[in-house]
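Count the sequence shown with our numbering and you get residues 30 to 146, in order.
Ideal Cβ placement from N, Cα and C applies to all residues, glycine included.
Here the structure is a predicted model, which is why all the values come from computation and not from measurement.
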Amino acid sequence: MLKGLLFFIIIILVVVSAIVLFAISIVLRFLKRMRKMATGELDEDEEYERQSTSRRQHQYAFRGGRTSRAKPNGEQQGYQQTRTEDGKVIIDNRQPEERKRKIIDADEGEYVDYTEE
């Protein structure tokens, strides 16, 4: 009887502490974002872009698309995200092997000087 009660109390303490830690992490993340916006390190446009990129990544994951997860053999699979000079985000969902693949092999084709007639 006493062991069961002690076990029940421990489980309740673990659950409550997990909830409290989760709430604290959310509050700290919010305060960090507010501090960055107050000091000028993060403006509203950058924050909007970060949130919309995050939403797109979650959308791909929800649809059954690939997200960046490690395969059992340690290789990475999933998307690659890059930013252009004007701030646009490009998300490449191809496999890493396909991304690295050369379109034309070095031994194929020949170099020809093109001149207009």
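Less than 9 Å separates the beta-carbon of E78 from that of V118.
Taking each of R62, D74, Q109 and Q124 in turn and checking the Cα distance to D115, the smallest one comes out for D74. DSSP places R112 inside the beta strand (DSSP E), whose first and last residues are Q109 to R112.
Judged by their CB atoms, Q109 and R128 are nearer to each other than the 9 Å cut-off. For I133, the three-state secondary structure derived from DSSP is coil. Under the DSSP definition of a beta bridge, I119 partners with T111.
With contacts defined by Cβ atoms closer than 9 Å, K65 and L57 do not form a contacting pair.
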